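So the structure is just underneath, and the comments pick up after that.
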Amino acid sequence: MTALCRRLVENRYRVSVFAVIITLAASAAEAQVLVAGSRGTPESDLNPEQEQRLLAEYWTIAKRYGAEPARATKELGAWTRDRIGKVQSIQFQPENARPDYLEGKAEWKPETLRVAAMLHSDLALEQIRQRNFDDFEFQVGIADGWLALADNRASTPGSLRARWNVSVARLLLASGQPGLAERHIERVAARIAGDASILLAHGTIRETQAFLMMADASGSRIDEPAFATKPRDAALTSAAAHLEKALAIDPALVEATLRLAHVQILRRDDVKAEPLLKGILAGTPTPVIKYLAALMIGGVQERRKEFEAAAKTYFNAVQTIPNNQTGYVALAQLMHKLNQPSDAATVIERMLLRDAADSVSDPWWKYPLGLDLAIDGKFEEYRAEIRK
Amino acid sequence: MLRFASRFAIGVIAIGVAISTVLVAQQAPPRFAGGVDAVRLDVQVIRDGRPVENLTAADFSVLDSNVAQTPTLVSIDTLPINLMLVLDASASLRGPGLEQLRDAAKSAVAALRPTDQAAVLTFSHNVTLLANWTSNREDLNKAIGRVVAQGSTSLTDAAFAALAYRTKPGTRTLVLFFTDGDDTASWLSASDLVPVARRSDAVVVGVMLTTPGHAGTAMPGMSSQIERWFAEEPSLYRAAMLPLLAIETGGETLQAADMSKLRPAFVDIVSRFSHRYVLSYTPAGVAPTGWHPIEVTVKGGGDVNVRRGYAR
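Going line by line, the protein sequences match chains Z and W. Just so you know, we're using my numbering here: the first sequence kicks off at 1 and counts up by one. Just so you know, we're using my numbering here: the second sequence kicks off at 389 and counts up by one.
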């Protein structure tokens, strides 16, 4: 472990700190790591005095984040990955709580660690804006490491660390990176068990992967269905399992119910999907959930050739959110199926000629991206929380 | 606000009327679409890689449901073209590629005859009609100039909207469909589009940007095997949708290596469409409804691009 970390510090390998921090947490046998100026092999090429200066500089900036976030972000944003990595390597990171050691050292107080975490969180958000996912993961890894330490490596469901990581995973999904999102949420799920939001995010990511999956192509060859269906079906099975677990913890998670129903539809198991969707509509769902549930029920009815019922259900979807297109498209396609192209054209014209057609975001197109795309607001909540 | 509210009311009424039509349709047998008996075929004959010109009706042999028909050749000069430009405007087009797409679209419009008209439909997460049918080049160019790249890709929904959109009788419709990526936001399944294409008189020509590793790039020829797989698992093989729509409607699919190739490709597509043959016949000895497979051959041989059949 120490050798690996030294290589990391020397930046010979572009292994993200995220991976290392997670690995550290997983290695219960290695109780203590990277203790600068104490027992063990020195972890960097700095002498102890230089190390302390670097740490002091780092924590000065980190603590400034609480009152002057923009300045602190700008200052630390100018640091190289190598320099930040050095701080990580020389910072004492106890495997278990060490109140005797931590007492009196402000930088190891949970509130200070969380402030530092949010500083790196902001740097990560800047990287994702620049589509630099490598540096995004680096900053996210450090932020998660601080949040883990702030929780004495015992983060619980609903903790800031749990919620923040869910937002990170959802941000990756919404940024069109379901693979990175999956990798991230898998690591989090392995460390914080029994969190319904993590399970919902995990299920959502796997559902989206299945939904968007295409047969793998390399060169001029393309996988035949026997191979191509396997990863898709595995993703659906995984999605269903995570969503069911989320609902077992919190049956009131309507989005999990909706997504589980959609997973069943993708598995062509309408018998399981329909009661879930009807259950949603029997409650008091938000317009967005009602719209999506209506569309999905319409699809099930259409598949069963219950065209009258499907038309009414699609119409209900249009009435629920009249400015969105998917309800119109579903209805028009149904008319085409019934050999009524003229009526289908009327509906499509109505859809296209509406002033509002392009001014709003249809929940259906946001659905694979995670539905709630107001993730910036979530991070603002976390910033406010650490300033309390 | 009031204007918007009244428009919404009109929209709901229209949909309500349409739904009642659906309900009636379930009780009545399918009717002969439009009540027009004549079948029109847009035909392209390729020999040695080039379109064959100066053919007469006598050069063509047409089988409708395996029954020989007697086609006449319609002068294409009497049939204005409707060019439906369906352009991918998703976020992946951001950058210089967008300007190249605009340039290609404007060139396609410029290649039309004065009597022809065009419409511009773009798709990202939404499908947007930037220009309704018009022969006014200035309006069309302005609309093309308004194309912006944003959001995800509702490719299938856009293809449906383009095929379902009404055109004037007595015209020929070319749907020129450009995309650089994969569908990420459509409600409709790719397989929903095949029956829609079979009912349409439009010819679909797809232009796809070549992307290494993308399934669409691996299936330019659309083998019968991939077509079977598409029928079996439409979602996994949805990259085959555009090539399949082209085959169903007698069009073709082109792959552009990069965006700079779009302009000549678009112009060539319009030019070639202007020089196709239009055959017309009144079906004889075939069922009035159902699927009618069509086979067209030409004296002297050659590859014939023509719709696979029609559904009534």
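Beta carbons: idealized from backbone N, C-alpha and C, even for Gly. Owing to the predicted nature of the structure, the values given are computational and were not obtained by experimental measurement.
Going along the chain, which residues of its own chain have a beta-carbon closer than 7 Å to the beta-carbon of residue i, five neighbours each way excluded?
i      : result
W:T373 : Absent from the structure is residue 373 of chain W, since the part of chain W shown begins at 389 and ends at 700.
W:T637 : A585, S588, A590, V591, V592 and R695
Z:A310 : G298, Q301, E302 and L334
Z:E207 : A239, R259, H262 and V263
Z:L125 : F379
Z:Q50  : none
Z:L172 : L180, A181 and H184
W:Q613 : none
Using C-beta distances below 6 Å, list every residue in its chain close to residue i, excluding the 5 sequence neighbours before and after it, in chain order.
i      : result
W:Y625 : W617 and F618
W:A477 : T510, S512, V535 and A537
W:L576 : T544, D545 and F548
W:V433 : V440, V686, G690 and V692
Z:V288 : P363
Z:A294 : T313, N316 and A317
Z:A256 : L200, L243, A246 and L247
W:N520 : A507
Once DSSP output is grouped into helix, strand and coil, what is the label at residue i?
i      : result
Z:M213 : coil
W:S668 : strand
Z:Y65  : coil
Z:I192 : coil
Z:E306 : coil
Z:N152 : coil
W:W575 : coil
Z:P48  : helix
W:T516 : strand
W:W617 : helix
W:G697 : strand
W:V674 : coil
W:H680 : strand
W:E441 : coil
W:L624 : coil
W:N529 : helix
W:G690 : coil
Z:N165 : helix
W:W521 : strand
Z:L334 : helix
Z:G370 : coil
W:D436 : coil
Z:S121 : helix
Z:Q139 : helix
W:N470 : strand
If the criterion is Cβ atoms closer than 8 Å, does the pair residue i and residue j meet it?
i      : j      : result
Z:D362 : Z:N324 : yes
W:N470 : W:Q505 : yes
Z:S175 : Z:I128 : yes
Z:H120 : Z:I142 : yes
W:V655 : W:D452 : no
W:L473 : W:V427 : no
Z:R387 : Z:G158 : no
Z:V254 : Z:P275 : no
Z:I61  : Z:A70  : no
Z:E224 : Z:I205 : no
W:E620 : W:L632 : no
Z:W79  : Z:A116 : no
Which residues in the same chain have their Cβ closer than 8 Å to the Cβ of residue i, if we skip the five residues on either side of it in sequence?
i      : result
W:V460 : Rather than Val, the amino acid found at residue 460 of chain W in this sequence is Thr. Excluding residues within five positions, the ones whose Cβ falls inside 8 Å are A445, L667, S668 and Y669.
W:A653 : A492, V595, L642 and A644
Z:M351 : Q325, Y328, V329, A332 and A357
Is any heavy atom in the ligand HEM found nearer than 7 Å to the beta carbon of residue i?
i      : result
W:T516 : The ligand HEM is absent from the structure shown, which contains no ligands of any kind.
Could you run through the stretch 534-554 of chain W and flag, in chain order, every residue whose CB is less than 7 Å away from some CB of chain Z?
-> Taking 7 Å as the Cβ-Cβ cut-off against chain Z, the residues of the stretch 534-554 of chain W that qualify are S540, S542, D545, F548, A549, A552, Y553 and R554.
State whether the stretch 332-344 of chain Z contacts the stretch 566-584 of chain W, with contact taken as three or more CB pairs (one from each stretch) at a distance under 8 Å.
-> The stretch 332-344 of chain Z vs the stretch 566-584 of chain W: in contact.
At a Cβ cut of 8 Å, what residues of the stretch 285-304 of chain Z count as close to chain W, listed as they run along the chain?
-> If the cut-off is 8 Å between Cβ atoms, the stretch 285-304 of chain Z has L295 near chain W.
Contact residues within the stretch 563-581 of chain W, judged by C-beta distance below 7 Å to chain Z = Listed by position, the residues of the stretch 563-581 of chain W near chain Z (Cβ gap below 7 Å) are D570, T572, A573, W575, L576 and D580.
For the stretch 642-667 of chain W, which residues have a CB atom closer than 8 Å to at least one CB atom of chain Z, in sequence order?
-> Close to chain Z, meaning a Cβ-Cβ distance shorter than 8 Å, is no residue of the stretch 642-667 of chain W at all.
Positions along the stretch 449-483 of chain W whose CB lies within less than 8 Å of some CB in chain Z = Cβ contacts with chain Z come from no residue of the stretch 449-483 of chain W.
Using 8 Å as the Cβ pair cut-off and three pairs as the minimum, do the stretch 221-231 of chain Z and the stretch 193-207 of chain Z touch?
-> No, the stretch 221-231 of chain Z does not touch the stretch 193-207 of chain Z.
Counting pairs of beta carbons, one from the stretch 430-446 of chain W and one from the stretch 475-493 of chain W, are three or more of them closer than 8 Å?
-> Touching, no.
Meets three-Cβ-pair contact criterion under 8 Å: the stretch 492-502 of chain W and the stretch 292-305 of chain Z | The way I'd put it, the stretch 492-502 of chain W doesn't touch the stretch 292-305 of chain Z; fewer than three beta-carbon pairs between them come closer than 8 Å.
Return the residues of the stretch 319-338 of chain Z that lie within a Cβ-Cβ distance of less than 8 Å from chain W, sorted by chain order.
-> Look at the stretch 319-338 of chain Z: the residues with a C-beta under 8 Å from a C-beta of chain W are Q319, P322, Q325, T326, Y328, V329, A330, L331, A332, Q333, L334, M335, H336, K337 and L338.
Quick one: which residues of the stretch 508-522 of chain W get their C-beta closer than 7 Å to a C-beta of chain Z? List them in chain order.
-> Going along the stretch 508-522 of chain W in chain order, one finds H513, N514, V515, T516 and L517 with a Cβ nearer than 7 Å to chain Z.
Mind listing which residues of the stretch 110-144 of chain Z have their C-beta closer than 9 Å to chain W's C-betas, in chain order?
-> Cβ contacts with chain W: none found.
Between the stretch 337-354 of chain Z and chain W, which residues of the former have a C-beta closer than 8 Å to a C-beta of the latter?
-> For the stretch 337-354 of chain Z, residues whose beta-carbon sits nearer than 8 Å to a beta-carbon of chain W comprise K337, L338, N339, Q340, P341, S342, D343, A344, A345, T346, V347, I348, E349, R350, M351, L352, L353 and R354.
Give, in chain order, every residue of the stretch 366-380 of chain Z whose Cβ lies closer than 7 Å to some Cβ of chain W.
-> Along the stretch 366-380 of chain Z, the positions whose C-beta sits under 7 Å from a C-beta of chain W are P368, read in chain order.
Taking Cβ-Cβ distances below 8 Å as the criterion, which residues of the stretch 619-639 of chain W are in contact with chain Z?
-> Under the 8 Å Cβ criterion, the stretch 619-639 of chain W contributes E620, E621, S623, L624, Y625, R626 and A627.
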